[in-house]
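All letters in the sequence shown, in the order written, are residues 1 to 57 by full-length UniProt numbering.
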Amino acid sequence: MLKSKITDLVIGLIMVYFAYDRISEGQTKMGILFVVLAFLNLVAFYVKLRTEKQQQE
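In structure tokens, the structure reads:
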């Protein structure tokens with residue numbers, strides 16, 4: 001499960017970079033799409049982290 005969490009985190013951070021790049025280039029709608037996707041990916045990372053903590057207890 002560790003690789004899955006790391007993958008979610010890395011993809012989320014890459015999407016944040018793409019969002020910043022698109023917004024700075026003037027493609028606001030595409031930037032907003034990447035922000036939403038990055039947010040969902042980082043939420044998935046957080047949920048997996050919380051689930052693992054609860055399973056350990």
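For each residue, glycine too, the CB sits at the ideal point set by N, CA and C.
Keep in mind that this is a model prediction, so the values were computed, not measured.
query	result
Segment contact, 8 Å Cβ cut-off, at least three pairs: the region 38-49 with the region 13-20	yes
Chain B within 8 Å of Glu57, Cβ atoms only	This model lacks chain B altogether, as it is built from one protein chain only.
Exposure of Asp21, with buried meaning 16 or more beta-carbon neighbours within 10 Å	exposed
Gln56: first and last residue of the uninterrupted alpha helix (DSSP H) it sits in	28-56
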